[in-house]
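Residue numbers (the working numbering): 153 to 468.
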């Protein structure tokens with residue numbers, strides 16, 4: 153079953169693993185792909201999610217050195233060809249002119265064989281960009297699919313702490329976005345509120361909500377924590393203090409926090425009869441966190457799959 157079919161079937165569990173393209177200094181992308189083979193030998197995943205990395209100038213000084221990385225499309229094509237798992241590539245849409253962006257979509261599908269794309273907007277609404285936003289890009293993709301009988305399948309990013317985020321989700325979905333992936337979660341309050349509002353608005357509009365992939369990432373050092381905060385991840389003060397209280401326990405504590413968060417979210421969804429389909433997306437953040445992320449992926453997917461088997465929220 154293709155990823156698009158899994159995502160659009162509400163009762164079907166969807167588990168995604170997010171990994172950065174390899175740094176150029178780390179050698180060939182072929183050797184990096186061996187990590188994915190190792191991952192697949194330990195647990196099942198439905199897709200590999202590959203971010204597009206850019207300098208985030210408006211965020212201030214980057215706490216971790218940024219190095220040139222391989223193209224997400226090159227890495228994604230290798231994953232699909234050599235490992236046999238569908239790739240999702242992220243695309244920051246605002247950096248290219250509309251014509252260049254349209255060509256990028258076409259080439260990604262036709263020449264790279266990648267049809268799953270997460271549309272990412274600009275880092276600030278105060279910056280004037282040359283390219284289209286997410287909603288406009290989703291319309292562009294729909295036009296391309298119609299013109300060439302294409303099958304590009306688009307997702308979007310969700311920032312649970314952002315005001316009226318559910319309204320943004322509605323607009324993006326109306327324009328062709330088929331699923332959403334959250335920012336990394338280290339608190340359940342904002343995402344639970346967002347799911348409640350998004351569910352309510354879909355009920356009022358008599359529309360089917362799009363699936364939301366909940367993102368989790370283990371950390372193993374204070375540097376990881378600072379990097380997540382630099383990326384804009386909301387980490388409550390009490391949680392941060394608990395994590396850095398004993399650096400030797402950061403990894404174990406972060407994994408347990410992620411497990412507890414998933415349990416809280418699933419309990420909230422069940423109690424409030426929220427029919428927004430849920431998926432999970434586990435990130436590794438840093439290369440040296442790979443084994444930690446595999447451990448989290450195994451544990452979190454087991455709990456999540458049990459929920460999918462037992463829930464009647466998506467029964468029609």
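Think of the CB as a built atom: it goes at the ideal place given N, C-alpha and C, for glycine as much as any other residue.
- Burial is judged here by how many other beta carbons sit within 10 angstroms of a residue's own beta carbon; residue 431 has at least 16 and is buried.
- A direct Cα-to-Cα measurement between residue 433 and residue 373 gives close to 21 Å.
- Rounded to the nearest angstrom, the gap between the Cα atoms of residue 454 and residue 352 is 29 Å.
- Between the stretch 451-465 and the stretch 416-423, the count of C-beta pairs closer than 8 Å reaches three or more; the two stretches touch.
- Fully contained in the stretch 366-452 are the following alpha helix (DSSP H) runs of length 4 or more, in chain order: 374-382, 389-396 and 402-423.
- Around the Cβ of residue 400, a 10 Å sphere holds fewer than 16 other Cβ atoms; the residue is exposed.
- Residue 242 is not a Cβ neighbour of residue 200, given a cutoff of 7 Å.
- As computed with DSSP, residue 308 is found in a beta bridge with 271 and 332.
- In the pairwise beta carbon analysis, the stretch 342-352 is classified as not touching the stretch 394-408: fewer than three pairs are separated by under 8 Å.
- With 16 or more other Cβ atoms from the protein chains shown falling within 10 Å of its own Cβ, residue 367 counts as buried.
- Assigned with DSSP and collapsed to three states, residue 316 falls in coil, not helix or strand.
- Going by DSSP, residue 259 is part of the alpha helix (DSSP H) stretching over 250-262.
- DSSP places residue 222 outside any alpha helix (DSSP H), giving it a letter other than H or E.
- Per DSSP, residue 247 lies in no alpha helix (DSSP H) and is assigned neither H nor E.
- Fewer than three beta-carbon pairs drawn from the stretch 333-340 and the stretch 299-306 are found closer than 8 Å, and the two stretches are therefore not classed as touching.
- Looking from the CA of residue 280, the closest CA among 246, 425 and 311 belongs to 246.
- Counting along the chain, residue 200 sits inside the beta strand (DSSP E) bounded by residues 199-202.
- A direct Cα-to-Cα measurement between residue 404 and residue 385 gives close to 19 Å.
- Rounded to the nearest angstrom, the Cβ distance from residue 197 to residue 171 is 10 Å, too far for a contact under 8 Å.
- With a contact defined as Cβ atoms closer than 8 Å, residue 370 and residue 410 qualify at about 7 Å.
- Taking C-alpha positions only, residue 289 is separated from residue 320 by approximately 14 Å.
- Looking at the backbone, the Cα of residue 428 and that of residue 287 are separated by about 20 Å.
- In this structure residue 278 is exposed. Its beta-carbon is surrounded by fewer than 16 other beta-carbon atoms within 10 angstroms.
- The C-beta of residue 322 has 16 or more other C-beta atoms within 10 Å across all chains shown, which makes the residue buried.
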